[in-house]
Amino acid sequence: MATRRDPLAATRAAGSLLLPDEARSARLLAAALPVHFGLSVGWGVALAAVLPRRATTAWGALAGLAIAALDFSVPGRRTAQIRALPRWPQVADHLTYGVVAAAAVATAHTEDLRSVPRSHGRSAPAAGRQAARDRRYGLRHGPLGGG
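Using my numbering, the letters of the sequence shown map in sequence onto residues 402 to 548.
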């Protein structure tokens with residue numbers, strides 16, 4: 402808004418990936434929904450698989466920049482609407498996406514660690530087998546469970 406540029410230009414450009422010959426704004430905006438959703442989910446799944454557990458946010462920022470480079474080079478060449486977009490706001494958008502996705506991945510990693518059962522000195526597989534035996538025989542551990 403501050404730049405007085407069309408705030409929906411990038412959305413219509415995303416829609417032009419699905420409908421490259423379309424000029425009507427409403428159809429391009431509608432086409433942008435599945436395109437943007439698919440790209441966001443796809444990149445999110447990829448980032449969740451490859452981002453390390455340490456310095457996740459910094460790696461997410463770098464991943465966002467790499468995604469921007471890839472998005473502008475491969476599909477960006479196909480449509481005039483994407484080529485016409487100013488680069489720096491789009492790079493900033495991709496960078497922000499990488500950071501937010503990385504924060505979500507880091508949160509998920511933290512929650513995964515909280516849900517790991519205590520092994521009480523046993524290896525994780527041994528602790529899992531012991532927990533299964535305890536459930537089978539109705540044994541409970543903890544302050545009131547005995548065992």
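C-beta: ideal position from N, C-alpha, C; glycine also. Values in this document were obtained by computation on a predicted structure and should not be read as measured data.
- Item | Through-space distance from residue 441 to residue 431, alpha-carbon basis | 16 Å
- Task: Less than 8 Å between the CB atoms is what I'm expecting for residue 393 and residue 506, so what's the real figure, rounded?
- Result: With the chain represented from 402 up to 548, any question about residue 393 goes unanswered, as that position is not in the structure.
- Query: Would residue 465 be called buried (16 or more neighbouring beta carbons within 10 Å of its own) or exposed?
  - Reply: buried
- Message: For a quick check, are the C-beta atoms of residue 476 and residue 468 less than 8 Å apart?
- Response: no
- Under the rule that 16 or more other beta-carbon atoms within 10 Å means buried, what is residue 439, buried or exposed? exposed
- Task: Compute the beta-carbon to beta-carbon distance between residue 460 and residue 503, rounded to the nearest angstrom, for a pair I have assumed lies under 8 Å.
- Result: Confirmed, Cβ separation roughly 6 Å.
- What separation, rounded to the nearest whole angstrom, lies between the Cα atoms of residue 436 and residue 420? 10 Å
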